[in-house]
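Using our numbering, read the sequence shown as starting at 277 and increasing by one per residue. Glycine included, every Cβ here is placed at the ideal spot set by N, Cα and C. Below you'll find the structure, written out as structure tokens, and then a few comments.
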Amino acid sequence: SRAIQKPYVIVLNILLCFGMMPMVAVFIASLLNLSPDHTAGLVLLGCVSGGQASNLFALLAGGDVAQSVACTLSTTLLGTVAIPLLVKCILNCIVAVDSMGVLKS
């Protein structure tokens with residue numbers, strides 16, 4: 277319930293994960309003049325949330341673990357839809373995501 281008291285943190289997390297990070301990946305790929313294959317890999321990495329380790333780091337650093345878990349949960353659930361859409365829009369190709377597999381893991 278504490279995590280829901282700050283919904284702007286979750287919204288900011290979603291915007292950064294699925295907005296800024298893929299765009300930074302595209303920028304770096306063009307800056308380094310990467311091949312299409314390397315660009316695709318970098319964009320995929322930019323689209324995937326890396327929040328799972330943040331829960332541990334929040335605990336170790338004395339941070340708000342509940343907020344960290346809420347952010348991880350929101351980006352994991354949204355990622356099953358957002359990542360294929362981002363890849364389609366940015367790379368113009370299709371990436372299959374096993375949504376049920378993600379939710380079970």
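Apart from the five residues on each side of it in sequence, which residues of its chain come closer than 7 Å, Cβ to Cβ, to residue i?
i	result
S325	C293, T351, T352 and G355
Are residue i and residue j closer than 7 Å when you measure CB to CB?
i	j	result
G322	P298	yes
V319	A301	yes
I280	C347	no
S311	N331	no
With distances taken from CA atoms, which of the options is nearest residue i?
i	options	result
V363	I290, L288 and G295	G295
A358	I290, P283, K282 and R278	I290
K380	C369, C365 and L349	L349
Please report the Cβ distance between residue i and residue j, rounded to the nearest whole angstrom; I am assuming they are in contact, meaning their Cβ atoms lie under 8 Å.
i	j	result
A305	L367	Not a contact, Cβ separation roughly 10 Å.
A342	R278	5 Å
For residue i, which residues from the same chain have a beta carbon less than 8 Å from its beta carbon, with the 5 sequence-adjacent residues on both sides left out?
i	result
C369	A316 and V363
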